[in-house]
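One structure is given below, encoded as structure tokens.
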């Protein structure tokens, strides 16, 4: 389920001329019966609302005074979200002849006819206040207080994400509130400006429009409106025509596959950054500790401590928290077992809250090998908003491949990666010629829509990736992935199994050996293919191409490039 809550304005939306029809009340009850939450978001003051709408206890949370006061009907608790109005302001307004004045816990309301007078008073008193209009009414509130801020406070109290909410309204003061919701809806009688900004416009007016939305919500979780919801699409990059290529945040399951050094790191890190910016919650399963330095996420587990399922779920209960599950502290052969315990708990949480919005599984061929046979309890029939990262797509469990609808092939021979995936997933392989990708390019195939693969230049993350910093700086690469200083005649066999050893050996080898590997561009190749650092490789390749540099100068420059990117032990 995508939408776990419905938030509605009152006047002109839920109510017509201040009253709510019985059929609309019945529709709201059906929403509650479906397990979803109801929120009311209105500019009215609470005592007045309680008097005209006795069914207020239908709602789990009520935002009144245009975002300034939060009320919980089940407990009768009120929470004031801003400072009360100044007595000087109220006295000054009445002193200027504004007798049609309503004063709430925070809000001060009158009519639009008094706009000029209100502005003069606010300026004269030097108060930081804002004026909000609502179909002839004029509300005076502290700066930054609106329906969106009130709804955000309500959602935080309920541990709900804005991305699991559909909202509906009709007037000027509903703009911010609808923009906050994953799906913003306007009733047919809404102001033209709101209709223009809304994701969806109902055919019915007021309560009829609300009932129309509820029918769609209960019928298919608003799937019929999904094509119109593009404002939260996650950018991957640009195609050959320069057009943006995006991923829908819901309903997409990605696999990123291909050879080492092909850009999986850059793509995944950029994708995580944009999920963070859009406030989609993610959980990364990180078997090798490659994402432990990702900014903005809570990392659970390290080399000495293994994470627990309960602490992972506890952090994820807060919608604003992103989680990276570092499995390095768990023995290699026991990581799949831990993952098998965690995955069904994540899906149970999704069924209850809609989160985490994205589950990212690195080294998927290890955690989800081809031999993996989960029970129907472990994974649901439809598994979306997942990213599987692997070297070999045909080494991943068929049950997981069946969920993948978008493949991103990276590195050398991307057409072969697509063939392996399509064969293992029992899909028709598209007609393809050999493709040589440039640096920063991938081949994107929407596997189930019949379109051919397209070349995409990926959009890297804003922050420099520190992926692999720990493992490649001070860890130990296997012999076949280590660097060997051999020299022009192969007399040496000095192995650098990490960057620390590389820096030690580079200072000790003779000038002839150093320049031999430099001219062959062996250093940039190793940094790309085994250290997995695209930018270090590019910077080193530039140094390798400078013919006038001495051995000492090139050593110093490459050392500087390494130290700029990796935190090395003292």
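In my numbering, the protein residues as written are 786 to 1355. The beta-carbon is built from N, C-alpha and C at its ideal position, and this holds for glycine as well. This structure is a prediction, so every number in the text was calculated from the model and none was measured.
Note to self: From the DSSP secondary-structure annotation, give me the bridge partner or partners of residue 1226.
What the structure shows: Position 441 of the chain shown, counted from the start, is the residue given in the question as residue 1226. DSSP lists 1242 as partners of residue 1226.
Check: Does DSSP classify residue 1029 as helix, strand or coil?
Finding: Reading the chain shown from its first residue, position 244 is the one you call residue 1029. Here residue 1029 carries a strand assignment [DSSP, helix/strand/coil].
Checklist line | Three-way DSSP call (helix, strand, coil) for residue 1311 in this model | finding: As a working note, residue 1311 is residue 526 in the chain shown. Residue 1311 falls in the helix class under three-state DSSP.
Margin query: Please report the distance separating the alpha-carbon of residue 1311 from that of residue 1322.
Written below: Here residue 1311 refers to the residue found at position 526 when the chain shown is read from its first residue. Here residue 1322 refers to the residue found at position 537 when the chain shown is read from its first residue. So the two alpha carbons sit approximately 8 Å from each other.
Check: For the alpha helix (DSSP H) that contains residue 824, what are its first and last residues?
Finding: To locate residue 824, count along the chain shown from 1; it is residue 39. No alpha helix (DSSP H) contains residue 824, which is instead part of the beta strand (DSSP E) from 822 to 826.
Note to self: Would you call the segment 1140 to 1160 in contact with the segment 943 to 960, where contact means no fewer than 3 C-beta pairs closer than 8 Å?
What the structure shows: yes
Check: Does DSSP put residue 974 in a helix, a strand or coil?
Finding: As a position in the chain shown, residue 974 is number 189, starting the count at 1. Three-state DSSP puts residue 974 in coil, outside helix and strand.
Check: Which word fits residue 918, buried or exposed, when buried means at least 16 other C-beta atoms lie within 10 angstroms of its C-beta?
Finding: Along the chain shown, read from residue 1 onward, the residue named residue 918 stands at position 133. Residue 918 should be labelled exposed.
Checklist line | Residue interval of the beta strand (DSSP E) (run including residue 1271) | finding: Numbered from 1 along the chain shown, position 486 holds the residue referred to as residue 1271. That residue, residue 1271, is in no beta strand (DSSP E); it is neither H nor E in DSSP.
Next item on the list: Please classify residue 1090: is it buried, with 16 or more other beta-carbons within 10 angstroms of its beta-carbon, or exposed?
Entry: Stepping through the chain shown from its first residue, residue 1090 is reached at position 305. Classification of residue 1090: exposed, given that the 10 Å Cβ count is below 16.
Margin query: Could you compute how far the alpha carbon of residue 902 sits from the alpha carbon of residue 821?
Written below: Counting from one through the chain shown, the residue named residue 902 turns up at place 117. Counting from one through the chain shown, the residue named residue 821 turns up at place 36. One C-alpha to the other measures close to 44 Å.
Check: Which one of 973, 1085, 1079, 935 has the shortest CA to CA distance from residue 985?
Finding: Here residue 985 corresponds to residue number 200 of the chain shown, with the count starting at 1. The residue with the shortest Cα to Cα distance from residue 985 is 973.
Margin query: In this structure, how does DSSP classify residue 1207 when only helix, strand and coil are distinguished?
Written below: Position 422 of the chain shown, counted from the first residue, corresponds to residue 1207. Looking at residue 1207 - three-state DSSP - the assignment turns out to be helix.
Next item on the list: Count the other CB atoms, across all protein chains shown, that sit within 10 Å of the CB of residue 1199; report buried if there are 16 or more and exposed otherwise.
Entry: Position 414 of the chain shown, counting from 1, holds the residue named residue 1199. With 16 or more other Cβ atoms within 10 Å, it is buried.
Notebook entry, point to check: Apart from the five residues on each side of it in sequence, which residues of its chain come closer than 6 Å, Cβ to Cβ, to residue 1314?
Noted result: Here residue 1314 refers to the residue found at position 529 of the chain shown. Same-chain partners within the cutoff: 1045, 1046.
Item checked: Distance between residue 1179 and residue 933 (C-alpha atoms, nearest Å) -> If you number the chain shown from 1, residue 933 lands on position 148. If you number the chain shown from 1, residue 1179 lands on position 394. Just so you know, the alpha carbons of residue 933 and residue 1179 end up roughly 46 Å apart.
Check: What separation, rounded to the nearest whole angstrom, lies between the Cα atoms of residue 939 and residue 837?
Finding: Stepping through the chain shown from its first residue, residue 939 is reached at position 154. Stepping through the chain shown from its first residue, residue 837 is reached at position 52. Distance between the alpha carbons of residue 939 and residue 837 is about 22 Å.
Next item on the list: Identify, in the order they occur along the chain, each residue of the same chain with its Cβ nearer than 8 Å to the Cβ of residue 1087, setting aside the five sequence neighbours on each side.
Entry: Numbered from its first residue, the chain shown carries residue 1087 at position 302. For residue 1087, where only same-chain residues beyond five positions count, the Cβ hits under 8 Å are 1074, 1077, 1111, 1113, 1114.
Check: Of all Cβ atoms in chain B, is any one closer than 8 Å to the Cβ of residue 905?
Finding: Of the protein chains in the structure, only one exists, and it is not chain B.
Next item on the list: Would you mind sorting residue 1205 into buried or exposed? The rule is 16 or more other CB atoms within 10 Å of its CB.
Entry: Residue 1205 sits at position 420 when you count from the first residue of the chain shown. Per the 10 Å Cβ criterion, buried.
Notebook entry, point to check: Between the C-alpha atoms of residue 1032 and residue 1018, what's the straight-line distance to the nearest angstrom?
Noted result: Taking the chain shown and counting its residues from 1, the one referred to as residue 1032 is at position 247. Taking the chain shown and counting its residues from 1, the one referred to as residue 1018 is at position 233. Their Cα atoms are separated by approximately 6 Å.
Checklist line | Contact the segment 1285 to 1292 vs the segment 1218 to 1238: 3+ CB pairs below 8 Å | finding: Judged by Cβ distances under 8 Å, the segment 1285 to 1292 makes no contact with the segment 1218 to 1238, as fewer than three pairs qualify.
Checklist line | Beta-bridge partners of residue 968, as assigned by DSSP | finding: By 1-based counting over the chain shown, the position of residue 968 is 183. According to DSSP, which records beta bridges pairwise, residue 968 is partnered with 951.
Notebook entry, point to check: To which residues of the same chain is residue 1192 closer than 6 Å at the C-beta, ignoring the five residues directly before and after it?
Noted result: In the chain shown, counting from the first residue as 1, residue 1192 sits at position 407. Same-chain partners within the cutoff: 1040, 1206, 1230, 1232.
Next item on the list: Drop a sphere of 10 angstroms on the beta-carbon of residue 910, count the other beta-carbons inside from all chains shown, and report buried for 16 or more, exposed for fewer.
Entry: Numbered from 1 along the chain shown, position 125 holds the residue referred to as residue 910. Residue 910 should be labelled exposed.
Checklist line | Minimum length 4: unbroken alpha helix (DSSP H) runs contained in the segment 855 to 926 | finding: Note on the segment 855 to 926: whole alpha helix (DSSP H) runs with a minimum of 4 residues are 872 to 880, 900 to 910, in chain order.
Item checked: the segment 838 to 846 touching the segment 812 to 830, judged by at least three CB pairs closer than 8 Å -> yes
Notebook entry, point to check: Looking at the unbroken beta strand (DSSP E) that takes in residue 930, where does it start and where does it end?
Noted result: In the chain shown, residue 930 corresponds to position 145, counting from 1. No beta strand (DSSP E) holds residue 930; DSSP gives it neither H nor E.
Checklist line | With 16 other Cβ atoms within 10 Å as the buried cut-off, status of residue 1038 | finding: Within the chain shown, residue 1038 is the residue found at index 253, counting from 1. Classification for residue 1038: buried.
Notebook entry, point to check: Residue range of the alpha helix (DSSP H) that residue 1287 falls in?
Noted result: Reading the chain shown from its first residue, position 502 is the one you call residue 1287. Counting along the chain, the alpha helix (DSSP H) containing residue 1287 begins and ends at 1284 to 1293.
Next item on the list: Would you grab the beta carbon distance between residue 976 and residue 957 for me? Rounded to a whole angstrom, and I think it's under 8 Å.
Entry: In the chain shown, counting from the first residue as 1, residue 976 sits at position 191. In the chain shown, counting from the first residue as 1, residue 957 sits at position 172. Residue 976 to residue 957, Cβ: 6 Å. Contact.
Next item on the list: Run the CB neighbour count on residue 1299, radius 10 Å, all protein chains shown included, and call it buried at 16 or more, exposed below.
Entry: In the chain shown, residue 1299 corresponds to position 514, counting from 1. Per the 10 Å Cβ criterion, buried.
Note to self: Check this for me: beta carbons of residue 996 and residue 989, under 8 Å apart or not?
What the structure shows: Against the chain shown, residue 996 aligns to sequence position 211. Against the chain shown, residue 989 aligns to sequence position 204. Yes, the Cβ-Cβ distance between residue 996 and residue 989 is below 8 Å.
Item checked: C-beta atoms of residue 1202 and residue 1194 nearer than 8 Å -> In the chain shown, residue 1202 corresponds to position 417, counting from 1. In the chain shown, residue 1194 corresponds to position 409, counting from 1. Here residue 1202 is near residue 1194, since their CB atoms are less than 8 Å apart.
Next item on the list: Might you give, ordered along the chain, the residues of its own chain that have their beta carbon closer than 6 Å to the beta carbon of residue 1148, omitting 5 neighbours on each side?
Entry: Reading the chain shown from its first residue, position 363 is the one you call residue 1148. 1072.
Next item on the list: In the DSSP assignment, find the beta strand (DSSP E) that holds residue 1124 and state where it starts and stops.
Entry: Within the chain shown, residue 1124 is the residue found at index 339, counting from 1. Run containing residue 1124: none in the beta strand (DSSP E); it sits in the alpha helix (DSSP H), 1120 to 1138.
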